[in-house]
Amino acid sequence: MTSLQNLLQTSKGFWGIIGSMLLFQFCLGLYSAQKLTVTHDEYWHLPVGLLSWETGKFDYDRLNPPLIRTWSALPLLFTSAQTGNPVYSSDPADYGDAFLQANPERYHEYYVLGRYSILLLSAITGVLLAAWARELFGVSAACLAVFLWSMSPNILANAALGTQDLAIAGFFLATVYCGWKFARSVSWKWALIAGVILGLAQITKFTAILLLPILIIQWFLIRFKNPEFKETLPGKSILVRWGVLLLVSGFVLNAGYLFQETFQPISSYQFQSSELKSLNQLPALLQKIPIPLPRDYLMGFDLQRFIMQQSHPTYLDMEWGLNGFRSYYLCALLYKLPHAVQFLLLLAMYRLFKQKTQSGFLPVRILGILVTPIILLFLIATFSNNQLGLRYILPVFPFLFLLIAPLAEQLDFNQHKVFSYLVLAAVLTLPMSLRFAPDHLAYFNEISGGPENGALHLIDSNMDWGQDLYQLKNYLHEHQINDFALAYFGTVPPSTLGTPYRLPPEYHPEPGNYAISASILQGRPYSIRQQDGIRHNLDADALGYFRFFEPKAHLGYSINYYELAPEDVARWHTAVNRVNRGLSPQ
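This is the structure in structure tokens:
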């Protein structure tokens, strides 16, 4: 232990250990990136990013800002990848279809290249996490924070996919870190850096709009009546620096859209969301005011807010609701956080309540800084109607890990033996949560029943995002199956399997072979693809009868394979008749 502590005290030793953990995560992510089918939203993100590089336009799909799409597509500029020159479409999956048709042999390889870019962002986020944890608490705390990051199945699941969720988690951490440095120094340097990072966050995901109030709250948490700062700058100087931060942020945001259609008057927009629609009700004179934001950014934000305000089928613990569940994300953390992390959070809370002074285990001001983004993100997500997965609150993870990190500095096997061994035991069990590789997306902890029973609690991007179509392809090939029906929750056309298929009968079983995605199995309405690519709208619980049967195989935890014999179908009819007569199905 002493030799390890001595090694951590050297810069080379410290960063060597941090680098080793992040390299392990990166390599495991490479394995997942190569094995998994292109996931639901990922299917169009990469082609849209490549289209933006080729055309300089960002209106193909405004629902997400362009930074991460173009970042993921950057490696493709050095390949022979083609966009397929699609026409504008209201269905973004059409861009994925065009990309697949233009690159039929290498399309998966191109998506994997895009995934590598996100893995790199995960490693950079880990470095930043180490740097801030070391500044706040010490080298041991930094190592624990990065260990939590690199051993998290939820982080790995999103780091190995070409989507924005991992990236926005990194930018939340980076922005709050830079805001912390700015609030402590109030320097021009950190005003500029914080402004750049804040601007980059805005063109990563619209969730980043929360970062401005977070920075303001953070400022007051650090500066208000803090005896640490004896020299106070004049209020005018502080306001000027804040102005520079905001101007730089706005400049970066506009640059991310190549300054296209910035400063358009309010009257040129027709908003849909409740937040922005009120602007259309302003007097005519005020509607001439130009908005210093790119048109595509503002229209995308408006569209996203409008969608989030609509009723949407949400699934939790075998129940469906149209307006979300207030306990959704709390349950998601309960089911999908490894028990070791949950236990470490409890130990951190215990040490926090036991601290005698404001500068004890976790100083009060630092606690406020770390908890603020967690609370705001959690509240916004909790009261949303559109609850589709833990990924929506992924930015809270770095801050949870920072809350746990000081435990490493509290280890004392002489005076606090029991506490120290509890922390050590929890840390040593963390790698166990990675045993389901490459199926990190479907990770559920032991008490929730593991990934085998995850669909009893949560579906959609929590476990089934279309990532296991290749598993089905291999299974069909190994068992020489040429006649089956498929209901696939994903955007990659199942015709790429190379095996003809049909759609399952709705509301009643028939003998045959079937592959059913977990989300559809639990009743999610969805537009599934037929063999010819035409979409068929599947109503809620149209294939719920499959829950009566035991699958022959679980393919990557998100697709169930069934072989129904005539006697199985007869058994279902008998059970239904008994229920209709008010009897037990057995």
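For the sequence shown, position 313 matches number 322 in our numbering, and the numbering has no gaps at all.
From the three backbone atoms N, C-alpha and C, an ideal C-beta is built for every residue, glycine too.
Predicted model only: the values in this text are computed from it and were never measured.
- Under the DSSP definition of a beta bridge, serine 536 partners with Asn546.
- Remark: three or more beta-carbon pairs, one from each stretch, lie closer than 8 Å, so the stretch 155-165 and the stretch 401-409 are flagged as touching.
- The DSSP assignment places 337-345, 348-363 as complete runs of the alpha helix (DSSP H) inside the stretch 336-386, in order along the chain (cut-off: 4 residues).
- Under the three-state reduction of DSSP output, histidine 466 falls in the coil class, being neither helix nor strand.
- Following the DSSP letters along the chain, one finds asparagine 569 inside the beta strand (DSSP E) bounded by residues 568-573.
- Within the model, the alpha-carbon separation for glutamate 576 versus glutamine 279 is close to 58 Å.
- By the neighbour-count definition (other C-beta atoms within 10 Å, threshold 16), alanine 549 is an exposed residue.
- DSSP, read as helix, strand or coil, puts proline 222 in helix.
- In this structure, the straight-line span from the alpha carbon of glycine 377 to that of leucine 388 is close to 16 Å.
- Under the 10 Å beta carbon count, leucine 331 is surrounded by fewer than 16 other beta carbons and is classified as exposed.
- Apart from sequence neighbours up to five positions away, the residues of its chain that approach alanine 349 with a beta-carbon distance below 6 Å are Ala435, Thr438, Leu439, ordered along the chain.
- Look at glutamate 576 here: in three-state DSSP terms it is helix.
- Counting C-beta pairs with one atom in each stretch, the stretch 167-178 and the stretch 219-232 have fewer than three that are closer than 8 Å, which means they do not touch.
- Here DSSP, grouped into helix, strand and coil, assigns tyrosine 430 to helix.
- Here glycine 208 is near leucine 262, since their CB atoms are less than 8 Å apart.
- Residues of the same chain with a CB within less than 7 Å of the CB of leucine 76, apart from the 5 flanking positions on each side, are Leu209, Ile212, Thr213, Gly265 in chain order.
- For tyrosine 125, there is no enclosing beta strand (DSSP E); the enclosing alpha helix (DSSP H) covers residues 116-145.
- Counting along the chain, the unbroken alpha helix (DSSP H) around serine 20 starts and ends at 20-44.
- Straight through space, the alpha carbons of alanine 562 and asparagine 163 are spaced by roughly 25 Å.
- For the pair proline 415 and alanine 150, the Cα-to-Cα distance works out to about 5 Å.
- For isoleucine 490, no beta strand (DSSP E) run applies, since DSSP gives it neither H nor E.
- Within its own chain, the residues whose Cβ lies closer than 8 Å to the Cβ of valine 585, once the five positions on either side in sequence are excluded, are Pro594, listed in chain order.
- One thing to note: phenylalanine 370 has its Cβ within 8 Å of the Cβ of leucine 361.
- With contacts defined as CB atoms closer than 8 Å, asparagine 471 and lysine 345 qualify as a contacting pair.
- With a cutoff of 8 Å on beta-carbon distance, serine 282 and phenylalanine 334 are scored as not near each other.
- Assignment of beta-bridge partners to alanine 524 by DSSP yields Leu495, Tyr570.
- Between the alpha carbons of glutamate 418 and glycine 25 lies a gap of roughly 19 Å.
- When C-beta atoms of the stretch 76-91 are compared with those of the stretch 125-134, three or more pairs fall below 8 Å, so the two segments count as touching.
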